[in-house]
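Heads up: the structure comes next, in structure tokens.
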Amino acid sequence: MTVPTIANAEAGIRHVFVRDMVLTASIGIYPHEHESRQRVRINIDLGIADETGQAGVPVGPDEISRVVDYEKIANRARSIVVTGHTRLVETLAERIAASCLANVRVLSARVRVEKLDIFADAVSAGVEIERRR
510 MTVPTIANAE AGIRHVFVRD MVLTASIGIY PHEHESRQRV RINIDLGIAD ETGQAGVPVG
570 PDEISRVVDY EKIANRARSI VVTGHTRLVE TLAERIAASC LANVRVLSAR VRVEKLDIFA
630 DAVSAGVEIE RRR
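Numbering of the sequence shown is given in the numbering used here, commencing with residue 510 and proceeding in unit increments.
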């Protein structure tokens with residue numbers, strides 16, 4: 510799968526991502542989906558306001574506090590997935606995108622949520638959304 514880049518030097522946007530995170534979720538509209546968890550794959554792509562100086566040289570110290578931490582993004586997504594039952598993959602994607610946009614440095618969030626074990630003849634089925642500030 511090729512994901513279009515959302516990094517843009519002219520616009521001063523950095524691309525931070527979490528790729529192919531596979532979790533088990535209580536998700537779905539059917540009664541049997543309430544009874545057992547199922548695998549979902551989540552991809553998160555964020556457009557971040559980039560802090561660069563001349564010739565793209567980073568501004569500031571080499572410290573995690575000055576960037577958007579992808580570990581925190583992944584942990585928030587994990588937390589959302591394990592909290593209760595979600596009926597729709599669309600709702601799960603919206604919740605994850607909203608949690609990403611809660612960080613003021615995040616300008617856009619593209620979230621893909623795929624159910625992996627739905628159809629015998631397909632790798633996955635799901636949704637991809639993009640939300641902007």
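Beta carbons are placed, not taken as given, at the ideal position from N, Cα and C, and that holds for glycine.
Rounding to the nearest angstrom, what Cα-Cα distance links residue i and residue j in this structure?
{"i": "Asp578", "j": "Thr595", "result": "26 Å"}
{"i": "Ala583", "j": "Pro540", "result": "29 Å"}
{"i": "Arg523", "j": "Ile515", "result": "8 Å"}
{"i": "Gly537", "j": "Lys581", "result": "26 Å"}
{"i": "Val613", "j": "Arg585", "result": "15 Å"}
{"i": "Asp626", "j": "Arg550", "result": "10 Å"}
{"i": "Ile638", "j": "Phe526", "result": "14 Å"}
{"i": "Ser608", "j": "Glu572", "result": "23 Å"}
Mind reading off the beta-carbon distance from residue i to residue j? Whole number of angstroms is fine, and I expect it under 8 Å.
{"i": "Val674", "j": "Val622", "result": "The chain is shown only over 510 to 642; residue 674 falls outside these bounds and no answer can be derived."}
{"i": "Ile557", "j": "Leu616", "result": "7 Å"}
{"i": "Ile589", "j": "Arg604", "result": "5 Å"}
{"i": "Ala611", "j": "Leu555", "result": "Contact flag wrong, Cβ pair sits at about 12 Å."}
May I ask which residues mark the beginning and end of the beta strand (DSSP E) holding residue i?
{"i": "Ala534", "result": "Ile522 to Ala534"}
Quick one: what does DSSP say residue i is sitting in, helix, strand or coil?
{"i": "Glu542", "result": "helix"}
{"i": "Arg641", "result": "strand"}
{"i": "Ile515", "result": "coil"}
Can you list, in chain order, the stretches of the beta strand (DSSP E) that have 3 or more residues and sit fully within the stretch 553-636? 615-624
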